[in-house]
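Residues in the sequence shown are numbered from 1 upward in steps of one, following UniProt numbering.
Quick reminder that beta carbons are idealized off the backbone N, C-alpha and C, glycines included.
Inspection log for the structure reproduced underneath, given as structure tokens.
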Amino acid sequence: MDASGRKDDIQINPWTLIKMSKEKAMAAAERARERIRQKLPTSPMKPLPVETKRGPLNPERKHITTGKEIVPVFTKSWLSVSPTARISSPRRRFSGSSSPKPQRYRSNFDLRLAEVSRDLETHISKQVLCSVVMKGVEDEGYSS
């Protein structure tokens, strides 16, 4: 089974984990550890890095890797726009008509916020699961 298949099988809600008593959390961790051992008898889980950062998903931005560094490449560069087009007139800026742009920004912001919180929840769940499994592996090492 590949890594993408494993990712969907294991789901931990950190909020219910926080509200659980210590005994229930340890029992759930033990059951999860047993399920993982049954599914993956030969390959040990590798711990996740403590900090993995991923920038916001921006469709206008592409990354080009050159050696050790990542160079962002913008498809629509601000340099390609003429200076007069960037500066709008005061009459246009302060006109009474409201543009739909703030609403679009707000919905975009909400979508990105939901995506970031989902990623954060997934990352926390993986960290908790990995620490529990690694603790179980260490405990087995001491007992045998």
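Beta-carbon proximity list for residue i, same chain, < 8 angstroms, skipping 5 on both sides
{"i": "GLU30", "result": "GLY136"}
{"i": "MET20", "result": "ALA28"}
Whole-number beta carbon distance between residue j and residue i, since they are thought to touch under 8 angstroms
{"i": "LEU129", "j": "ALA32", "result": "7 angstroms"}
{"i": "SER117", "j": "GLN11", "result": "Not confirmed; about 15 angstroms, so no contact."}
{"i": "PRO14", "j": "GLU115", "result": "The pair is not a contact, with the Cβ atoms about 17 angstroms apart (cut-off 8 angstroms)."}
Closest residue to residue i among the options (Cα-Cα distance)
{"i": "GLN38", "options": "VAL133, GLU138, ASP139", "result": "VAL133"}
{"i": "LEU17", "options": "ILE36, GLN127, GLU140", "result": "GLN127"}
Cβ neighbours of residue i in the same chain (closer than 7 angstroms, five flanking residues each side left out)
{"i": "GLU23", "result": "none"}
{"i": "SER131", "result": "none"}
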